[in-house]
Amino acid sequence: MSVSLLNDHQARRYSRHLLLADIGEIGQQRLLDAKVLLVGMGGLGSVAAQYLAAAGVGQLVIADFDTLEESNLQRQVLYRESNLGQLKVEAAREQLLSINSELQVRTVSRRLEGQQLQMEAQLADVVLDCSDNIATRYAVNTACKQTNTPLISGAAVAFDGQLMMFDFRSTSACYQCLFPNAVEQQLNCATAGILGPVVGTMATLQALEALKFIAQMPSPQWGRFSHFDGRNLEWMHVKIRSNPECPCCAS
Amino acid sequence: MNQIQILLNGQPHNLTPPMSLSQLLNQLDVETKGTAIAIDGEVIPSSDWSEFPLEQGLKLQVFHAIAGG
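Chains A and B are the protein sequences, given in the same order. First residue of the first sequence: 1, per full-length UniProt numbering; consecutive thereafter. First residue of the second sequence: 1, per full-length UniProt numbering; consecutive thereafter.
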């Protein structure tokens with residue numbers, strides 16, 4: 001005799017998950033019990049968060065210090081015109097709770113860095129890097145490495161996207177092994193532009209991989225880097241190797 | 001002559017060996033900051049670039065970090 005984990009309402013709400021042999025009732029309970037940190041609530045974070053909220057991920061910690069601007073609405077589809085001028089994390093919290101009122105959403109509205117970043121990474125089951133600059137990407141990578149927290153990193157500009165995942169519980173290769181000595185770039189969404197579905201594709205894949213990870217499904221993406229070419233709909237996948245001279249993770 | 005051919009981001013590229021990965025990147029003036037180089041589907045750590053010999057037929061891919069999100 002099996003003991004039911006979910007109540008009747010949850011069994012209805014998440015019935016399409018329960019049909020999936022790889023998720024089922026145990027996987028759904030894992031989602032309900034999970035805690036995910038999203039660093040950045042722009043084109044990546046706002047889209048990924050919607051899927052996590054809808055899927056019933058119990059606790060979301062969302063970090064961003066920006067307010068919503070008119071130029072964000074073309075791709076950051078979680079937000080509404082009525083949210084213009086509000087802190088993104090406040091607007092996102094309201095919208096996410098309207099998708100799923102049983103969530104806990106905690107907001108961080110100042111720059112997440114240093115000890116606070118490390119503490120938030122430590123408290124999370126998995127971290128989604130949804131940020132928009134190299135300094136934050138290196139800092140999130142370091143915090144995840146130091147706390148052995150799995151990292152699902154997405155990026156997008158113009159028609160191009162990137163997805164890479166690091167399971168710091170078991171591997172030593174990190175974002176800085178992959179992209180050493182990176183400097184802030186001239187090309188970003190504000191200068192080079194971005195098409196909504198390109199960043200949305202990467203965000204959706206971050207959400208997919210987060211849900212799979214929480215439900216304890218395997219993924220070929222751990223330790224792999226993928227580049228998405230949105231013009232030609234082409235993907236390139238390469239295996240990441242650790243750099244013995246990496247300033248972040250070399251022992 | 002004594003040239004070999006590699007695939008550079010999917011395009012044939014001829015070079016005269018011996019040549020290391022670093023030498024090729026230098027010759028082509030490739031920005032190396034925030035750059036990942038993969039050969040035959042596997043990223044080569046930057047610490048190995050100067051020692052890595054280029055050989056006939058290998059597939060080299062250059063990726064630059066995207067920061068946006």
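Yeah, the Cβ is synthetic: ideal placement off N, Cα and C, and Gly gets one too.
Shown here, Met202 (chain A) sits in a helix according to DSSP, grouped into three states. A residue is called buried when at least 16 other Cβ atoms come within 10 angstroms of its Cβ; Trp222 (chain A) meets this threshold and is buried.
Per the coordinates, the alpha-carbon of Gln122 (chain A) lies some 13 Å from the alpha-carbon of Glu113 (chain A). Distance from the Cα of Gly34 (chain B) is smallest, within the candidate group B:Asn2, B:Ala65 and B:Asp40, for B:Ala65.
Beta-bridge partners assigned by DSSP to Trp235 (chain A): A:Phe228. Around the beta carbon of Pro247 (chain A), fewer than 16 other beta carbons lie within 10 angstroms, which makes this residue exposed. For the segment 36-48 of chain B, residues whose beta-carbon sits nearer than 8 Å to a beta-carbon of chain A comprise Ala36, Ala38, Gly41, Glu42, Val43, Ile44, Pro45, Ser46 and Ser47. DSSP places Met19 (chain B) in the coil class of the three-state scheme, outside both helix and strand. For Thr107 (chain A), DSSP records a beta bridge to A:Ile62. Against chain A, the beta carbon of Gly68 (chain B) has neighbours under 7 Å at Asp132, Ala155, Ala156, Val157, Asn188, Cys189 and Ile194, listed in chain order.
No Cβ of chain A is located within less than 8 Å of the beta carbon of Phe52 (chain B). Within its own chain, the residues whose Cβ lies closer than 7 Å to the Cβ of Cys174 (chain A), once the five positions on either side in sequence are excluded, are Asn141, Lys145, Phe166, Cys246, Cys248 and Cys249, listed in chain order. Here Leu60 (chain A) is not near Leu44 (chain A), since their CB atoms are 8 Å or more apart.
For Ala124 (chain A), no beta strand (DSSP E) encloses it, and the DSSP letter there is neither H nor E. Looking at the DSSP output, Asn188 (chain A) bridges to nothing.
When secondary structure is reduced to three states using DSSP, Ser153 (chain A) falls in the strand class. In the three-state reduction of the DSSP assignment, Leu44 (chain A) falls in the coil class, being assigned neither a helical nor a strand state. Listed along the chain, the chain A residues whose CB falls inside 7 Å of the CB of Gln61 (chain B) are Met236 and Val238. Put simply, the backbone Cα of Ile152 (chain A) is about 12 Å away from that of Ser226 (chain A). Three or more Cβ pairs closer than 8 Å define a contact, and the segment 115-133 of chain A falls short of that threshold against the segment 72-92 of chain A.
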